[in-house]
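Quick note: to get our numbering, add 218 to the position in the sequence shown (first position is 1). Down below is the structure, laid out as structure tokens.
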Amino acid sequence: MILILDLDDTIFPATSLDYSIFDKAKSIVESYTIETFGPAKSAKIIEEVKLTPFDVVARKYDFPEEMIRLFEKEINAIDYSLDINVFDDYHYLKNLNVEKYLVTAGFSRLQKAKIDALKIESDFREVFIDDPFDPNRQFKQQFFEQILHTTQMPPEKTWVIGDNPSMELKAGKNLNLNTIQRLNQNSQRSAYADHTIFSFEDLSLILNTGKNKI
Ligand SMILES: [Mg+2]
219 MILILDLDDT
229 IFPATSLDYS
239 IFDKAKSIVE
249 SYTIETFGPA
259 KSAKIIEEVK
269 LTPFDVVARK
279 YDFPEEMIRL
289 FEKEINAIDY
299 SLDINVFDDY
309 HYLKNLNVEK
319 YLVTAGFSRL
329 QKAKIDALKI
339 ESDFREVFID
349 DPFDPNRQFK
359 QQFFEQILHT
369 TQMPPEKTWV
379 IGDNPSMELK
389 AGKNLNLNTI
399 QRLNQNSQRS
409 AYADHTIFSF
419 EDLSLILNTG
429 KNKI
């Protein structure tokens, strides 16, 4: 059996990030969206940028290439030293004697800084970052396929654990993997989740019996 984990809002609460480090990058999105869509919609788009992969928002609102490059430049200039912590129940995951892989989407430098700050790298056999700025971008599903290929693990023994209703859980279902959604407050239940958990404490029961405690 292997586990494939998402990072943001699965291993640590993304809301605990101090978003002021993104102020300069944010102002680039802000000035473009205020001018194009007006202040009210701009505020809504900024919220989406915080919670959704940047390329998804960029496509949705058709951000011009030039503005995306400027944003990328600012993101890469940030000096990341993050003060974040894993969820309190993380030790239940860490102590499971199962091989784990981390597949996270986001800007490489930021995702690496999060992994460093959380001190979790050694908990995973391998870490993959799905960077929206990578010109040869692979998406989560391709990383999952790569893991299955390397480990030769059958899909029924491979578990994907994440919070996002449509990203990793959907990619997992596309490959017939088992999926577990970590629900947080206000999160929407995914149609692609076989099981749901509120804490990693509930993991071992699901992995051992396939039954959901909740
Ligand atoms: Mg997530």
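The beta-carbon is built from N, C-alpha and C at its ideal position, and this holds for glycine as well. Just so we're clear, the structure is a prediction, and the values are computed from it rather than from any experiment.
DSSP state of residue i, grouped into three classes?
i    : result
L425 : helix
I229 : coil
Y250 : helix
K431 : Any reading at K431 must be qualified, since the residue scores a pLDDT of 45, below 50, and its modelled position is unreliable; no value is offered.
T368 : helix
L393 : coil
R355 : coil
F240 : helix
R277 : helix
The alpha helix (DSSP H) with residue i in it runs from where to where?
i    : result
I333 : S326 to L336
L288 : E283 to A295
Y308 : Y308 to K312
P383 : It is not in any alpha helix (DSSP H) - P383 carries neither H nor E in the DSSP assignment.
S417 : From DSSP, S417 is part of no alpha helix (DSSP H); its letter is neither H nor E.
When you compare only the Cα positions, how much space is there between residue i and residue j?
i    : j    : result
I415 : D224 : 14 Å
I398 : T254 : 39 Å
E339 : I296 : 22 Å
D236 : M219 : 36 Å
E290 : I302 : 23 Å
R277 : S299 : 29 Å
P231 : A335 : 13 Å
N354 : M285 : 20 Å
S408 : R400 : 10 Å
S260 : I252 : 5 Å
V267 : V275 : 6 Å
I333 : L421 : 22 Å
L425 : S249 : 48 Å
S326 : L395 : 26 Å
D381 : T322 : 12 Å
H413 : D349 : 27 Å
K431 : I239 : Note that K431 has pLDDT 45, beneath the 50 cutoff, so the model's placement of it is unreliable and no number is given.
A243 : D280 : 17 Å
R287 : T427 : 48 Å
Residue i lies in the beta strand (DSSP E); which residues open and close that run?
i    : result
R489 : The first residue shown for the chain is 219 and the last is 432, placing residue 489 beyond what the model contains.
D348 : E344 to D348
Since residue i sits in a beta bridge, which residues does DSSP pair it with?
i    : result
A411 : DSSP, once it has assigned bridges, lists no residue as partnering A411.
T376 : I220
E317 : I220
A323 : D348
Thinking just about the alpha-carbon of each residue, which of the options is nearest to the one in residue i?
i    : options                   : result
T368 : D273, P350 and Y319       : Y319
L328 : N404, D226 and N394       : D226
I229 : Q364, Y310, G390 and P372 : Y310
A331 : E363, I293, F305 and V316 : I293
D342 : N313, L387 and D352       : Sequence check: residue 342 is Phe here, not Asp. Among N313, L387 and D352, the Cα nearest to that of F342 is on N313.
E344 : I365, V378, Q356 and F351 : I365
V378 : E317, Q403, N402 and N404 : E317
For ligand 3, is there a heavy atom less than 7 Å away from the beta-carbon of residue i?
i    : result
G324 : Absence of ligand 3 from the depicted structure is noted, with ligand 1 being the only ligands included.
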